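Residue numbers (the numbering used here): 1 to 558.
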């Protein structure tokens, strides 16, 4: 499609008018509850964004003969009818992808990288379209949806610029310098099977697929059914940017049915989701001796040291705990605060939390949106109610908000949480955070590390050196000093991933693209073989090699 065509979503031809409706107005909240932001007159609705012709256009590429549907968390209403894939459809998708991948891998890497740079521009130009879809499919606030746009644009720019350097042939010192010429090549793995979650349907679909594509692979993706339209929109833009259509195949269906089939056919598997399912994916990949990368769950901690700026730390905790209604693998669920500032911090954090505006409009203005599904609401409700029943205290929030939508829950702070409570150790994956006080930094580090998870953590202090020293002691894949998660995640030249039960492998940086390749060593021997030659017998050859090895050490060769 072109920028001028009517897509059924918001026009994005003028970045100054991405959200034309006036800012939404505030609604009087129930007694003591978070305020609500109402949609302004003229704000787009689901029917405006996803009319049947748009759904048909986006889904025509899906390899599937069945029928299913997705729904918006804002109201529970159906968004679109979708094709549903069978195991046979998954096999067909892989067949198409393999044929296309052989041709795609022959395209020079600079030309493949140029596709990503054109995609970058299309995403920013048409961002209103995908923001509407993200909001409708996930229920998140528009600013939180924009985080996905930012993350995808950054990844597209990074790999569009750096992929040729990451993938270029590299020369290495041979076993005998000058006699052995060695080159390391990077070959694409083939067809990558990608299983993506529902919580970040733009960033964790196309954002993870971009390095696979530029490395010369094809991808067969299974997005979550409830958020498939966002992924399909991304595919449409990437194809317009120059990606051959068959290089990106999409299958849709129930995880237990379609997911194992993706793993069964893939040459490499990329999975983001729960730790439980991640173990099953890893076992399936291991049985076939194919590689796998897994970003799994987290119970992430934020440490507020005694010298932290309380106001800035409270604002950072709002971002860290309640972005996307807490449905973020790297969000904060445990807050460790030094006892000397704990009361002041809790007071400021609670005030900010109670002032957060909830809303379901396709416009900026709300501070937090909805949970994505009934299962998430059940988990959040169970964790909070059980904690309160066992003695925890609700400092802010602690209740659903059906007056806004069926899956809304207020941002919640709990105090007095102890280890027998489920919310203490289990991942909630919702807008709930527990406050814990500590006396010294060693105690804080030990308690933060006392979890099988190791995805993200955060340290707040006025002393950057101390913050970095504490960070080095935390057993998480990323640590943010004076930020909650965005600094680490957004710095795409650096690897991002988890330790322990939080997963295997990394996205971003060199590791994020090289995992989609096989290293191949090409060694050319010249002048003489690595064997007796020029009349040498075995003993003389061994003596020659001994002298050579000693000389190479003396010359500090590596």
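Ideal Cβ positions, reconstructed from N, Cα and C, are used throughout, including at glycine.
Source: prediction; values computed, not measured.
Looking only at its chain, what residues have a beta carbon closer than 7 Å to the beta carbon of residue i, apart from the 5 residues adjacent to it on each side?
| i | result |
| --- | --- |
| residue 354 | 34 and 396 |
| residue 217 | 101, 188, 189, 190, 191, 192 and 516 |
| residue 329 | 295, 297, 298 and 455 |
| residue 338 | 304, 305, 306 and 438 |
| residue 558 | 173 |
| residue 519 | 184 and 186 |
| residue 91 | 265 |
Should residue i be labelled buried (16 or more other beta-carbon atoms within 10 Å of its own) or exposed?
| i | result |
| --- | --- |
| residue 464 | exposed |
| residue 222 | buried |
| residue 529 | exposed |
| residue 58 | buried |
| residue 523 | exposed |
| residue 168 | exposed |
| residue 31 | exposed |
| residue 349 | buried |
| residue 253 | buried |
| residue 543 | exposed |
| residue 245 | exposed |
| residue 88 | exposed |
| residue 440 | exposed |
| residue 231 | buried |
| residue 551 | exposed |
| residue 593 | Summary: the structure shown does not reach residue 593, with the chain confined to residues 1 through 558, and so no result is reported for it. |
| residue 358 | buried |
| residue 249 | buried |
| residue 211 | buried |
| residue 418 | exposed |
| residue 451 | buried |
| residue 340 | exposed |
| residue 537 | exposed |
| residue 227 | buried |
| residue 467 | buried |
| residue 224 | buried |
| residue 42 | exposed |
Between residue i and the rest of its own chain, which residues show a CB-CB distance below 6 Å, the 5 nearest in sequence each way excluded?
| i | result |
| --- | --- |
| residue 247 | 100, 104 and 218 |
| residue 25 | Interpretation of residue 25 is limited by its pLDDT of 47, a score under 50 that renders its predicted location unreliable; the figure taken from the coordinates is listed afterwards. The residues are 38. |
| residue 273 | 197 |
| residue 493 | 509 |
Among all the DSSP beta bridges, which residues are the ones paired with residue i?
| i | result |
| --- | --- |
| residue 81 | 69 |
| residue 525 | 180 |
| residue 194 | 221 and 270 |
| residue 302 | 335 and 458 |
| residue 437 | 337 |
| residue 368 | 358 |
| residue 327 | Residue 327 pairs with nothing; no bridge assigned. |
| residue 248 | 219 |
| residue 413 | 396 and 433 |
| residue 187 | 518 |
| residue 292 | 269 |
| residue 541 | Bridge partners of residue 541: none, in fact. |
| residue 453 | 500 |
By Cβ distance, which residues of its chain are closer than 8 Å to residue i, with the 5 residues on each side in sequence left out?
| i | result |
| --- | --- |
| residue 67 | 81, 82, 83 and 84 |
| residue 336 | 301, 302, 303, 304, 436, 437, 438, 444, 447 and 448 |
| residue 548 | 176 |
| residue 490 | 150, 151 and 154 |
| residue 506 | 293, 477, 495, 496, 497, 512 and 515 |
| residue 79 | 46, 50, 55, 69, 70, 71, 72, 136, 137 and 229 |
| residue 533 | 541 |
For the ligand SAH, any of its heavy atoms closer than 6 Å to the Cβ of residue i?
| i | result |
| --- | --- |
| residue 170 | Inclusion of the ligand SAH in the displayed structure is not the case, the ligand content being empty and no account of it being possible. |
Counting only beta-carbon separations shorter than 7 Å, does residue i have a partner in chain C?
| i | result |
| --- | --- |
| residue 171 | In the structure shown, chain C does not exist; there is a single protein chain. |
| query | Per the contact definition of three or more C-beta pairs closer than 8 Å, is the segment 90-99 in contact with the segment 184-203? | reply | Contact between the segment 184-203 and the segment 90-99 is present, because at least three Cβ pairs lie under 8 Å.
| query | How do the segment 312-321 and the segment 272-288 stand: do at least 3 beta-carbon pairs fall below 8 Å, yes or no? | reply | no
| With a cut-off of 8 Å, do at least 3 Cβ pairs link the segment 241-259 to the segment 107-124? | Cβ pair count under 8 Å is three or more, so yes.
| Contiguous alpha helix (DSSP H) assignments of at least 4 residues, all confined to the segment 370-411 | 374-389
| field | Cβ contact (3+ pairs, closer than 8 Å) linking the segment 200-216 and the segment 148-162 | value | yes
| the segment 396-411 touching the segment 372-380, judged by at least three CB pairs closer than 8 Å | yes
| task | Let me know the beta strand (DSSP E) ranges lying completely inside the segment 108-176, each 3 residues or longer, listed in chain order. | result | 170-173
| said: With three or more C-beta pairs closer than 8 Å as the rule, is the segment 474-484 touching the segment 497-509? | reply: yes
| query | Looking at C-beta atoms only, is the number of pairs between the segment 376-386 and the segment 409-428 that lie closer than 8 Å three or more? | reply | yes
| Do three or more CB pairs link the segment 441-448 to the segment 340-359 at distances below 8 Å? | Contact fails: fewer than three Cβ-Cβ distances are below 8 Å.
| query | Counting pairs of beta carbons, one from the segment 135-144 and one from the segment 356-367, are three or more of them closer than 8 Å? | reply | With a cut-off of 8 Å, the segment 356-367 and the segment 135-144 count as touching, because enough Cβ pairs lie within range.
| task | Count the C-beta pairs between the segment 172-181 and the segment 193-202 that are closer than 8 Å, then say yes if the count reaches three, no if not. | result | No: the two stretches stay apart, fewer than three of their Cβ pairs being nearer than 8 Å.
| Which parts of the segment 457-528 are runs of the beta strand (DSSP E), unbroken and 3 residues or longer, counting only runs that do not cross its ends? | 478-481 and 517-525
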